Amino acid sequence: MGEALAETLLAQGHPLTVWNRTPDKADGLVARGAHRAATVADAVSASPLTVACLKDYDTLYGVFEPAGDALAGRTLVNLNSGTPKEARAAVLWAEERGAEYLDGAIMVPPPLVGHPDSVFLYSGSRDVFDKHRAALAALGDPRYLGSDSGLAVLYNTALLDMMYATLNGWLHATALVGSANVSAVEFSELALGWFMPTVLDPKSLLAKAPDLDRADYPGDLGTMDMNLNALDHIARTTLEQGIHPDHPRLMKEIAEQAIAVGHGGHSYLSLFEVFKKKPQTH
Numbered sequence: 035m036g037e038a039l040a041e042t043l044l045a046q047g048h049p050l051t052v053w054n055r056t057p058d059k060a061d062g063l064v065a066r067g068a069h070r071a072a073t074v075a076d077a078v079s080a081s082p083l084t085v086a087c088l089k090d091y092d093t094l095y096g097v098f099e100p101a102g103d104a105l106a107g108r109t110l111v112n113l114n115s116g117t118p119k120e121a122r123a124a125v126l127w128a129e130e131r132g133a134e135y136l137d138g139a140i141m142v143p144p145p146l147v148g149h150p151d152s153v154f155l156y157s158g159s160r161d162v163f164d165k166h167r168a169a170l171a172a173l174g175d176p177r178y179l180g181s182d183s184g185l186a187v188l189y190n191t192a193l194l195d196m197m198y199a200t201l202n203g204w205l206h207a208t209a210l211v212g213s214a215n216v217s218a219v220e221f222s223e224l225a226l227g228w229f230m231p232t233v234l235d236p237k238s239l240l241a242k243a244p245d246l247d248r249a250d251y252p253g254d255l256g257t258m259d260m261n262l263n264a265l266d267h268i269a270r271t272t273l274e275q276g277i278h279p280d281h282p283r284l285m286k287e288i289a290e291q292a293i294a295v296g297h298g299g300h301s302y303l304s305l306f307e308v309f310k311k312k313p314q315t316h
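In terms of our numbering, the sequence shown is residues 35 to 316.
#1: Look at leucine 39 and valine 147 and say whether their C-beta atoms are less than 8 Å apart.
#2: Which of the three DSSP states is assigned to histidine 316 in this structure?
#3: Can you round the beta-carbon distance between leucine 193 and methionine 141 to whole angstroms, since I take them to be within the 8 Å contact cut?
#4: Are at least three pairs of beta-carbons, each pair with one atom in the region 57-66 and one in the region 74-92, less than 8 Å apart?
#5: According to DSSP, is leucine 20 part of a helix, a strand, or is it coil?
#6: Does the region 151-164 come close enough to the region 68-82 to have 3 or more Cβ pairs within less than 8 Å?
#7: Could you check the C-alpha separation between alanine 186 and asparagine 215 for me, to the nearest Å?
#8: Glycine 276 by DSSP, collapsed to three states: which one?
#9: Three or more C-beta pairs under 8 Å: does that hold for the region 48-55 against the region 71-84?
#10: Please name the residue, chosen from Leu210, Glu41, Asn202, Gly47, that lies closest to alanine 60 on a Cα-to-Cα basis.
#11: What's the call for methionine 258, buried or exposed, on a 16-neighbour Cβ count within 10 Å?
#12: For the region 156-215, which segments carrying the alpha helix (DSSP H) assignment without a break, of at least 4 residues, lie completely within its bounds, in sequence order?
#13: In whole angstroms, give me the CA-to-CA distance for alanine 121 and tyrosine 178.
#14: Taking the beta strand (DSSP E) that leucine 136 falls in, what are its first and last residues?
#15: Three-state secondary structure (DSSP) at histidine 267?
#16: Name the residue from Tyr135, Thr117, Pro143, Asp195 whose alpha carbon lies nearest to the alpha carbon of leucine 173.
#17: Within 10 Å of its beta-carbon, does asparagine 263 have 16 or more other beta-carbons around it, so buried, or fewer, so exposed?
#18: Take every Cβ of the region 217-236, pair it with every Cβ of the region 279-295, and state whether three or more of those distances are shorter than 8 Å.
#19: What first and last residue would you give for the alpha helix (DSSP H) that runs through valine 74?
#20: For asparagine 54, which three-state DSSP category applies?
#21: Within 10 angstroms of the Cβ of glycine 158, are there 16 or more other Cβ atoms? Answer buried if so, exposed if not.
#22: What did DSSP end up calling histidine 281 once you bin it into helix, strand or coil?
#23: Between which residues of its own chain and proline 252 is the CB-CB distance below 7 Å, once the five residues before and five after are set aside?
#24: Assuming valine 111 and glycine 138 form a contact by the criterion Cβ under 8 Å, report the distance between their Cβ atoms to the nearest whole angstrom.
#25: Is the CB-CB distance between arginine 160 and serine 181 below 8 Å?
#26: Among the candidates Ala123, Lys119, Ala171, whose CA atom is the shortest distance from the CA of tyrosine 95?
#27: Quick check on the DSSP output: the alpha helix (DSSP H) that includes alanine 40 runs from which residue to which?
#28: Going by DSSP in three states, histidine 297 sits in which element: helix, strand or coil?
#29: Could you check if asparagine 114 is buried or exposed, using at least 16 other CB atoms within 10 Å of its CB as the buried criterion?
#30: Measure from the alpha carbon of isoleucine 288 to the alpha carbon of each residue in Lys310, Pro236, Ile277, Thr272, then state which is nearest.
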């Protein structure tokens, strides 16, 4: 990913200094016009803006500690992943070294870096974001989320949560029909070609978002009690067909939790109230 970021900045005419823990990995970038820094301090000193793309926050600290005073008066944009608490701690770490800091998240794979509709998320100081917006826009569509530096990584985590839940649903459903020798291609033509766009149309979900904010879950089009019946059928069919049972079992258990706290007559969206609450500890 770091190479994709650097290549994009070079391609758009930005002067670029690069440093890599494995120097040979920067050879291709140097051949295309980047300047190779011998040390992290040299790389930071070469520009008012440093963009870092590393594994995690501990790695970030380990890499930039040797930079010493070079960070003072400069901006560090961090594009690794972690938790909101880690992102907020990174702001304090940067401030102690006299640096401005933006936390960010890359929402596309390397081949899409540089496309104008590829979203990059940022949070932290608005002034810092505005000052470097032109350079950040070279990487993709820069979305500023707010002054809380933990927001970018929180959004990133939430979107990945949604992505993995969607993938797991498709994979489990495909395995379920696969137990009857239905191919993934045959099932997906119906599941992805019609069912998902029709039954789970994003526009219809977007229209329901205000209901979540109001905690308004009318059950006129289907109650949680009714949905529990369907979830029970899924769980029992999974066992009957001999495929992995944990995913539907967990969905059923969460619905039962919602009913237990009074949402039996509300819509399935009332699960939102269950998800918002901290788990009870015994």
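For every residue, glycine included, the Cβ atom is placed at its ideal position computed from N, Cα and C. Since we're looking at a predicted model, the values are computed, not measured.
Per the coordinate set shown:
#1: The Cβ atoms of leucine 39 and valine 147 lie closer than 8 Å to each other.
#2: Annotation note: pLDDT 47 at histidine 316 (below 50); position unreliable, coordinate value reported separately. Three-state result, histidine 316: coil.
#3: Yes, leucine 193 and methionine 141 are in contact; Cβ-Cβ is about 7 Å, under 8 Å.
#4: Contact annotation: the region 57-66 does not touch the region 74-92, with fewer than three C-beta pairs closer than 8 Å.
#5: Within the shown structure, residues of the chain are numbered from 35 to 316, placing residue 20 beyond reach of any answer.
#6: They do not touch, by the three-pair rule.
#7: Near 43 Å, if we compare the C-alpha coordinates of asparagine 215 and alanine 186.
#8: Coil at glycine 276, not helix or strand.
#9: The region 48-55 makes contact with the region 71-84, as at least three CB pairs between them are under 8 Å.
#10: Between alanine 60 and the set Leu210, Glu41, Asn202, Gly47, the nearest pair of CA atoms involves Glu41.
#11: Counting Cβ neighbours within 10 Å, methionine 258 comes out buried, since at least 16 surround it.
#12: Segments of the alpha helix (DSSP H) lying fully in the region 156-215: 160-165, 167-171, 185-212.
#13: Near 15 Å, if we compare the C-alpha coordinates of tyrosine 178 and alanine 121.
#14: From DSSP, the beta strand (DSSP E) with leucine 136 extends over 134-140.
#15: Here histidine 267 sits in helix by DSSP.
#16: Measuring from the Cα of leucine 173, the nearest candidate turns out to be Pro143.
#17: Burial state of asparagine 263 is exposed, judged by a 10 Å Cβ sphere holding fewer than 16 other Cβ atoms.
#18: Touching, no, given that fewer than three Cβ pairs across the two stretches are closer than 8 Å.
#19: Its alpha helix (DSSP H) spans residues 74-79.
#20: Coil, per DSSP.
#21: Looking at its Cβ environment, which holds 16 or more other Cβ atoms inside 10 Å, glycine 158 is buried.
#22: The answer is helix: DSSP assigns histidine 281 an H, G or I state.
#23: Close CB contacts of proline 252 within its chain, under the 7 Å cut and outside five residues either way in sequence, are with Ser301 (chain order).
#24: Sure, about 6 Å apart at Cβ, within 8 Å.
#25: Closer than 8 Å, so yes.
#26: Nearest of Ala123, Lys119, Ala171 to tyrosine 95, Cα basis: Ala123.
#27: Element bounds for alanine 40: 36-45.
#28: Assigned with DSSP and collapsed to three states, histidine 297 falls in helix.
#29: Buried, because 16 or more other Cβ atoms sit within 10 Å of the Cβ of asparagine 114.
#30: Of the listed residues, the one whose Cα sits closest to isoleucine 288 is Lys310.
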